[in-house]
Every structure is written in C-alpha cells, then in structure tokens.
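Heads up: the structure comes next, in structure tokens.
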Amino acid sequence: MPQLTRADFRFFHRLRVRWAEVDMQKIVFNAHYLMYFDTAITDYWRAVALPYEEAMHRLGGDLYVVKATVEFHASARMDDQIDVAMKCSRIGTSSLTFTGAIFRGDQHLISGELVYVFADPATQTSRPVPQALRDTLMGYEAGEAVAAVRVGDWATLGADARAVRTEVFVDEQQIPKDLEQDAADATAVHAVVHNRLGQAVATGRLIPTGTPGVSQVGRLAVKRVLRGGSLGRQVLQALTEAARARGDREVLLHAQSSAIGFYDRLGWQRRGPAFEEAGIPHQEMFLPL
1441 MPQLTRADFR FFHRLRVRWA EVDMQKIVFN AHYLMYFDTA ITDYWRAVAL PYEEAMHRLG
1501 GDLYVVKATV EFHASARMDD QIDVAMKCSR IGTSSLTFTG AIFRGDQHLI SGELVYVFAD
1561 PATQTSRPVP QALRDTLMGY EAGEAVAAVR VGDWATLGAD ARAVRTEVFV DEQQIPKDLE
1621 QDAADATAVH AVVHNRLGQA VATGRLIPTG TPGVSQVGRL AVKRVLRGGS LGRQVLQALT
1681 EAARARGDRE VLLHAQSSAI GFYDRLGWQR RGPAFEEAGI PHQEMFLPL
C-alpha cells in the first residue's frame, strides 16, 4: 500500500492506546490494529448518519468481511493519541472496499484495507450493493451532506417525529407515553433530520412560552446509536433559526443533566437551580437571539 497522508481522508476516529493493548516489546500488539480499524468503521456509520442495524434491514442485506489486510510502517505505543482514518475507496457490484490509515500526529503508522460483501443475511449469498447505500457513501466521500433537516408542522412531520421520540423517551428512558405526547405538538414548529435512506434519525420542536418573544425548544431526541455526531446540533440550529425568523428575542430549553455539556459548548447559558421533570434532573438554559 502507498504511504497515505491525513489529506487523503475526511473521517477520523481518535483513541488513546491502552495498557492492555501493548505487548512485551512495549508497542501495540499487531492484532489490535484490526480492532482499531473495526472500531473506526463503527464510528464511520455514525458519521454517515446510518443506524447500522436498522439501515441494513431496510436495505435488505448486511455486510460481511471477506478480506482484511494490515501493513506496518511504525509502531504505536502506550498512551499515544492516534487517529484512525477511514474512507470508502471503492464500491463494486456487491463489494465495498474501505481503506484505513493510523496516524500519530502527521506520522503514518499503519495502513489497512477491509473488503466487505453485501449479502443476504439468511443465505449469506452476495447481492448488488443498493444504490441508496452507494450514493450515501460516495456522497460522504465527496464532501456532501449525509442528512437534511426539514422544518414544518405536526401534520407534515409528526409521524417521523413521534417514531424517534417514542424510541428515545418512551422505550429508552422509560418516560410514560402520556407525558411525552401532549397537545402542544399540534401547534409547535417541528424539525426532523432524515438521512439519505429517508430514515428519521433526530427531532425536536419549538413552542411558545407565553412570554412575548420567547420560545422553548423541547423534545430534542437523537437515535441512541447516532449520538455524538452533529444531528442534535442540526436540529437545535434549525429551531433556533425558526425562532429568529419570526422575531423572537430568546429561546430557552430544559436540558437533561447529562446533556448540559452539549448545550454549554453551543453557547447556551444556565439559568436558575436544577429541577426534576418526568423523574429526570434538568437545568433551564437559554440563548439570546
């Protein structure tokens, strides 16, 4: 494999080498590099906004590794921070080739190649790579957006918003359905993110507070396997822009305690003491427009 540079990749997954991954030579044991590439592939699916299991079910197949190669240029050591780069470099009739590289800073340590075949899960016989998957991967590698936000009313977006919210709030967080769904949905502004397969992957809503010029963002939900990317931020930005467009001077929200850091990083400010809502600790936060 040729020497690769960081400029050859759009996607990077950062990790730190752990004690359990080095050998008696005090360098990463060779087999762990395949684990690093496989870990990066999992994060790659998040980057392209595909909840892997659901997406493959919709596409009518699954991916099976048929070849994995690793080439060693230099070694990683314990406590190194390394970036595992990955790109879909080729899509054949039924196969997908991913090229990987591991960098310490700008130094290229390891090259890798993973070849998958798209196949029927029941028979494990190959199938043509679906056009929707092909378009998603090649679009991402070309620098295109892999998800789009739609803003609208409940009649237009309610079915998709409800599906995401039920999965996150009712099924995952065990919030009673009669608390999660309310009459405010009918008049709220809703935002839903769809990936390039048409799957709804994140949602949120904007409702009036009763104070002129102040709106409230709520029901912000992202599918569990896709959290940590940009989907929640896209929903929040779309709703904030909707509030600004209608002349609001402020938006507020009730942040679950586990999500406060997310809002902090986006410039939201805390206001007042913490409180409990639906059995979960919350903090009021606001953003001047």
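Numbering follows our numbering, in which position 246 of the sequence shown is assigned residue number 1686; successive positions increment by one, without gaps.
Even for Gly, the Cβ is constructed at its ideal location relative to N, Cα and C.
Given the structure is predicted, the values throughout are model-derived calculations rather than measurements.
So if DSSP puts residue i in a beta bridge, which residue, or which two residues, is it bridged to?
{"i": "residue 1521", "result": "1456"}
{"i": "residue 1643", "result": "1632, 1661"}
{"i": "residue 1553", "result": "1509, 1539"}
{"i": "residue 1592", "result": "1630"}
{"i": "residue 1683", "result": "In the DSSP output, where bridge partners are listed per residue, residue 1683 has none listed."}
{"i": "residue 1447", "result": "Residue 1447 is not bridged to any residue."}
{"i": "residue 1559", "result": "1502, 1566"}
{"i": "residue 1648", "result": "1655"}
Identify, in the order they occur along the chain, each residue of the same chain with its Cβ nearer than 6 Å to the Cβ of residue i, setting aside the five sequence neighbours on each side.
{"i": "residue 1521", "result": "1456"}
{"i": "residue 1453", "result": "1480, 1483, 1524"}
{"i": "residue 1619", "result": "1718"}
{"i": "residue 1600", "result": "1632, 1640"}
{"i": "residue 1663", "result": "1491, 1641"}
{"i": "residue 1449", "result": "1525, 1527"}
{"i": "residue 1604", "result": "1640, 1643, 1661"}
{"i": "residue 1506", "result": "1555, 1557"}
{"i": "residue 1451", "result": "1484, 1487, 1526"}
{"i": "residue 1496", "result": "1502"}
Output the distance between the C-alpha atoms of residue i and residue j, rounded to the nearest integer angstrom.
{"i": "residue 1486", "j": "residue 1574", "result": "16 Å"}
{"i": "residue 1676", "j": "residue 1657", "result": "8 Å"}
{"i": "residue 1728", "j": "residue 1654", "result": "9 Å"}
{"i": "residue 1577", "j": "residue 1499", "result": "14 Å"}
{"i": "residue 1716", "j": "residue 1660", "result": "17 Å"}
{"i": "residue 1531", "j": "residue 1537", "result": "6 Å"}
{"i": "residue 1646", "j": "residue 1512", "result": "52 Å"}
{"i": "residue 1444", "j": "residue 1665", "result": "30 Å"}
{"i": "residue 1469", "j": "residue 1638", "result": "41 Å"}
{"i": "residue 1711", "j": "residue 1697", "result": "13 Å"}
{"i": "residue 1563", "j": "residue 1628", "result": "47 Å"}
{"i": "residue 1447", "j": "residue 1668", "result": "23 Å"}
{"i": "residue 1680", "j": "residue 1691", "result": "7 Å"}
{"i": "residue 1465", "j": "residue 1514", "result": "13 Å"}
Any idea what DSSP makes of residue i, helix, strand or coil?
{"i": "residue 1579", "result": "helix"}
{"i": "residue 1689", "result": "coil"}
{"i": "residue 1604", "result": "helix"}
{"i": "residue 1584", "result": "coil"}
{"i": "residue 1544", "result": "strand"}
{"i": "residue 1678", "result": "helix"}
{"i": "residue 1621", "result": "coil"}
{"i": "residue 1672", "result": "helix"}
{"i": "residue 1637", "result": "coil"}
{"i": "residue 1571", "result": "helix"}
{"i": "residue 1729", "result": "coil"}
Ordered along the chain, which non-local residues of its own chain (more than five positions away) have a Cβ less than 8 Å from that of residue i?
{"i": "residue 1534", "result": "1557, 1558, 1559, 1566, 1567, 1568, 1569"}
{"i": "residue 1598", "result": "1625, 1630"}
{"i": "residue 1689", "result": "1653, 1654, 1728, 1729"}
In its own chain, which residues sit with a C-beta less than 7 Å from the C-beta of residue i, not counting the 5 before and 5 after it?
{"i": "residue 1459", "result": "1518"}
{"i": "residue 1539", "result": "1527, 1529, 1553"}
{"i": "residue 1693", "result": "1656, 1657, 1658, 1725"}
{"i": "residue 1581", "result": "1450, 1527, 1528"}
{"i": "residue 1607", "result": "1663"}
{"i": "residue 1635", "result": "1489, 1490, 1586, 1587, 1641"}
The ligand ADP and residue i: does the residue's C-beta get closer than 7 Å to at least one heavy atom of that ligand?
{"i": "residue 1526", "result": "The ligand ADP is not among the ligands present in this structure, which contains no ligands whatsoever."}
May I have a chain-ordered list of the beta strand (DSSP E) segments no shorter than 3 residues that lie completely inside the stretch 1460–1541?
1502–1512, 1521–1531
Going along the chain, which unbroken runs of the beta strand (DSSP E) with 3 or more residues stay wholly within the stretch 1686–1727?
1690–1696, 1715–1717
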